[in-house]
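Structure, as C-alpha cells:
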Amino acid sequence: MSRFYITTPIYYVNDAPHVGHAYCTVNADAMARWHRQVGDETLFLTGTDEHGQKVAEAAERNGVSPQEWTDQTSARFRASWDDLNIAYDDFIRTTEPRHYETVQKFLQAIYDNGYIYKDTYRGLYCVSCEDYYTSEALNEGNCPVHGRPVTEMEEENWFFKLSAFEDRLLEWYGQHPKATTPDTKRNEAVSFIKGGLRDISITRTSIAWGVPVPWDAKHVFYVWYDALVNYLTAIGYGRDDALVEKWWPNVHHLIGKEIIRFHCVWWPAMCMAAGMEPPAHVQVHGWLLVGGQKLSKTMAGEGAVRLTDIAPQSLTAEFGVDPIRYYLLRDTPLGTDGDFSIEGITARYNTDLANNLGNLVARVATVVGSKCGGLSPALPVDSPLAAEAKTAVDTARSAWENFAPHLALEATWRLIGATNAHLELNAPWKMEPGTDVDRVMAEALEALRIITALIVPAMPGTAQTIWERLGLAGDVASLAFDEVTSWGQFPAGLTVTKGDPLFPRIRVEA
Ligand code: MSP
Numbered sequence: 001m002s003r004f005y006i007t008t009p010i011y012y013v014n015d016a017p018h019v020g021h022a023y024c025t026v027n028a029d030a031m032a033r034w035h036r037q038v039g040d041e042t043l044f045l046t047g048t049d050e051h052g053q054k055v056a057e058a059a060e061r062n063g064v065s066p067q068e069w070t071d072q073t074s075a076r077f078r079a080s081w082d083d084l085n086i087a088y089d090d091f092i093r094t095t096e097p098r099h100y101e102t103v104q105k106f107l108q109a110i111y112d113n114g115y116i117y118k119d120t121y122r123g124l125y126c127v128s129c130e131d132y133y134t135s136e137a138l139n140e141g142n143c144p145v146h147g148r149p150v151t152e153m154e155e156e157n158w159f160f161k162l163s164a165f166e167d168r169l170l171e172w173y174g175q176h177p178k179a180t181t182p183d184t185k186r187n188e189a190v191s192f193i194k195g196g197l198r199d200i201s202i203t204r205t206s207i208a209w210g211v212p213v214p215w216d217a218k219h220v221f222y223v224w225y226d227a228l229v230n231y232l233t234a235i236g237y238g239r240d241d242a243l244v245e246k247w248w249p250n251v252h253h254l255i256g257k258e259i260i261r262f263h264c265v266w267w268p269a270m271c272m273a274a275g276m277e278p279p280a281h282v283q284v285h286g287w288l289l290v291g292g293q294k295l296s297k298t299m300a301g302e303g304a305v306r307l308t309d310i311a312p313q314s315l316t317a318e319f320g321v322d323p324i325r326y327y328l329l330r331d332t333p334l335g336t337d338g339d340f341s342i343e344g345i346t347a348r349y350n351t352d353l354a355n356n357l358g359n360l361v362a363r364v365a366t367v368v369g370s371k372c373g374g375l376s377p378a379l380p381v382d383s384p385l386a387a388e389a390k391t392a393v394d395t396a397r398s399a400w401e402n403f404a405p406h407l408a409l410e411a412t413w414r415l416i417g418a419t420n421a422h423l424e425l426n427a428p429w430k431m432e433p434g435t436d437v438d439r440v441m442a443e444a445l446e447a448l449r450i451i452t453a454l455i456v457p458a459m460p461g462t463a464q465t466i467w468e469r470l471g472l473a474g475d476v477a478s479l480a481f482d483e484v485t486s487w488g489q490f491p492a493g494l495t496v497t498k499g500d501p502l503f504p505r506i507r508v509e510a
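Now the structure itself:
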C-alpha cells in the first residue's frame, strides 16, 4: 500500500476565505479522495496561518485581540471547507501548542547545527506579503504582488544562512527533477537559486504576535518561518519520530505560484539545515483571475467584484456544492492561470452537468422504467462501451497520479459522451421491450456505474446519489477502485429509480 500526504498552504486569517483559497483546497481534497479510493493510506492537511504583522493589524482594525480575531476567522475557513465537502484529516492552527513545540524544536535544531546567527537587518517590507524586497524587485516603488507601498524596516534579527545551501539545493534539484512540478515552476525555483541566495532574517522584535525564539526571549519567529513548519507539526515532529518517518517521504505540497520561493528554496534549505530531507514534491498551481487580474477588477454585469471578495459559500448557495467543485477542478488545470467567471460556471453547469451527466442519468432511469420494468437487465458479455470505459479508467488513473484532475474529468466526460451516443445510436426508447432494449440498457447502466465511481473524487455527493438511484449497495467511495471500475459487474434485477433532475438547467438571460 502506498502513502499519500497532501497539504494546502495554511491560509492567512487576516481576511475571509475566498474562491482562490477554495480552488487550492478543492484540488487537494479531490486528490486526497482519489488516493483514499485507490486504497492508499492518506493524510490531508489544511489549516490557518495565524501569526505575523498582517494578522495582528487585522485584529487591531477590528478592535479585538489577535487571538480572538484568529479564532473567529479560522472558524470561517473551517465553515467554508465543511460547506464545500472538504474531507481534511487534520486542520492545523499555528497558534496551537503542538505547533509552538514543533517550531521551537525544529528551529533549535537548525540553530544547533550552526545555521543561525545574529545581525542587523535593513530592508523594504511588504506587510501583505509578510516579505522583504530589494529595491530592484519593486514595481514602480510598490510591492510587485500587491501593488502597495513598502515600508523601510531596520531591526536586529536572527538570520538563517540560506547562502550556505546554494550548491546543495542545485544538486538536489539535479537529482530530483520532479521535486517541483510543472517543470516551468521548477525552472523558476532553480534560476532563483542560481541567481544567488542571500541570508534571510527569521525573527522579529517589532511584534509580539508569533512563536517565541527559544534561545532569545525578546524575539518571535518571522511568520513564514513558523508557517512552513506546520507541515511537520501535523506529523508529530519533535513528538513522534515514527510518524514523521511514515509521512514525510510521501509529502506533496500544493501551493500557489507566488509562494514558490518559500516552498521550493527556503523550505528545502531549512529542512536540510535541520538534518531532514527536503519535501519530496511541490505541485504549483496558478491563479484564478477575474478579467485577467487576481485583484480588483470588475466582473461583467456584476458591478465591482474582486476575486478576493467572492465567498465560496455564495457560489455553492447559487450553483450547489458539486457543480462548484467540478468547475474548480475541470476549468483550470493545475499549473496555469484560469479565468474565473459566473458565465464560465454556468456554461460548465449547463453543458457538462445538465446536458451530459444529468441527462444520461435521467435518460437511463426513464428508459429502464418504461421498457425494462424498472429493473436492471442482465449484462451481455461484450459491449462496444467496455473498451471506452477501460480507456476512461486508465486515463483517469494516470491523470490523478500526475496531479491533473482536469484530464481525469475530461476522460470521464468522454465516456459520458460515448454512453449518450450509444443510446442515441440505438434509440432504445423507440424499441419494443425485449432483448435488444435489455442489452442496450444493461450496457448503459454498466457504463454509468463506472462513471459514478470515476466522479467520486470530484463530486462525492453526486456520485453517491447516482449510485443509490442505480440500486447499487454501499458507499461507492469506499469500494476498491480497481474492482469497482472493471467492466461486467452490474447485477440483474436491481431497482433503478428516476428521482429529481440532478442538475436542473440554468436559464441564461439573452
Ligand atoms: N499563509 C501563506 C501560506 C503559508 S504556507 C506555509 C499564504 N496565505 S494566503 O492566504 O495568502 O494564500 C494561500 C494560498 O491561496 C496561496 O497558495 C495562493 O496562491 C492561494 N490563492 C490566493 N489567491 C488566489 C487566486 N486568486 N487563485 C488561486 N489561488 C490563490 O500565502
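Residue numbers for the sequence shown follow our numbering, beginning at 1 and rising by one. Idealized CB from N, CA, C, for every residue including glycine.
- Partner residues in a beta bridge of Thr332, as assigned by DSSP, do not exist.
- For the pair Ala378 and Ala396, the CB atoms are not nearer than the 8 Å cut-off.
- The bridge partners DSSP lists for Trp158 are Lys118.
- Scanning the region 127-199 from its first residue to its last, the whole alpha helix (DSSP H) runs of 4-plus residues come out as 166-175 and 183-194.
- Taking the C-beta atoms as reference points, Ala75 is found no nearer than 8 Å to Asp15.
- A contact is defined here as three or more CB-CB pairs under 8 Å, and the region 113-127 meets this definition with respect to the region 147-164.
- Placement of the Cβ of Trp467 at a distance of 7 Å or more from every heavy atom of ligand 1 is found.
- Sequence-distant Cβ neighbours of Leu315 in its own chain, meaning closer than 6 Å and more than five residues away, are Ile324.
- Take the alpha-carbon of Phe490 and the one of Arg348: they are about 29 Å apart.
- Gly335 places its beta carbon 8 Å or farther from that of Gly291.
- Bounds of any beta strand (DSSP E) do not take in Thr205, whose DSSP letter is neither H nor E.
- In this structure Glu154 is exposed. Its beta-carbon is surrounded by fewer than 16 other beta-carbon atoms within 10 angstroms.
- Within the same chain, and ignoring the five residues on either side of Val145 in sequence, the residues whose Cβ sits closer than 8 Å to its Cβ are Cys126, Ser128, Cys129 and Glu258.
- In this structure, ligand 1 has a non-hydrogen atom nearer than 7 Å to the beta-carbon of Asp49.
- As a beta-bridge residue in DSSP terms, His252 pairs with Ile6 and His281.
- Taking a 10 Å sphere around the C-beta of Val508, we find fewer than 16 other C-beta atoms and assign the residue as exposed.
- Contact between the region 168-181 and the region 15-24 is absent: fewer than 3 CB-CB pairs across the two stretches fall below 8 Å.
- For the 8 Å CB-CB criterion, Trp209 and Ala56 form a contact.
- With a beta-carbon spacing of about 17 Å, Leu329 and Val38 fall beyond the 8 Å limit used to define contacts.
- Of Phe221, Glu188 and Val213, the smallest CA-CA separation from Val284 is found for Glu188.
- Within a 10 Å sphere around the beta-carbon of Lys185 sit 16 or more other beta-carbons, which makes this residue buried.
- Excluding sequence positions up to five before and after Thr42, its CB lies within less than 6 Å of the CB of Phe4, Ala32, His35 and Arg36, all in the same chain and listed in chain order.
- Contact annotation: the region 208-227 does not touch the region 135-145, with fewer than three C-beta pairs closer than 8 Å.
- Asp90 is bridged by DSSP to Leu45.
- DSSP lists no bridge partner for Thr308.
- Distances from the alpha-carbon of Trp487 to those of Ala442, Ser478 and Phe319 put Ala442 closest.
- DSSP places Ala217 inside the beta strand (DSSP E), whose first and last residues are Asp216 to Phe221.
- Burial is judged here by how many other beta carbons sit within 10 angstroms of a residue's own beta carbon; Asn420 has at least 16 and is buried.
- Classified as buried, Leu360 has 16 or more neighbouring CB atoms from the shown chains inside 10 Å of its CB.
- Looking at the DSSP output, Thr462 sits in no beta bridge, so it has no partner there.
- Beta-bridge analysis with DSSP links Tyr125 to Tyr132 and Thr151.
- Secondary structure at Asp500: coil, using DSSP grouped into helix, strand and coil.
- Checking the DSSP bridge columns, you'll see Thr366 has no partner listed.
- Relative to the non-hydrogen atoms of ligand 1, the Cβ of His219 never comes closer than 7 Å to any of them.
- Residue Cys264 holds the alpha-carbon nearest to the alpha-carbon of Lys178 among Tyr111, Cys264 and Met276.
- Pairing Ser398 with Ala492 gives a Cβ-Cβ distance that is not under 8 Å.
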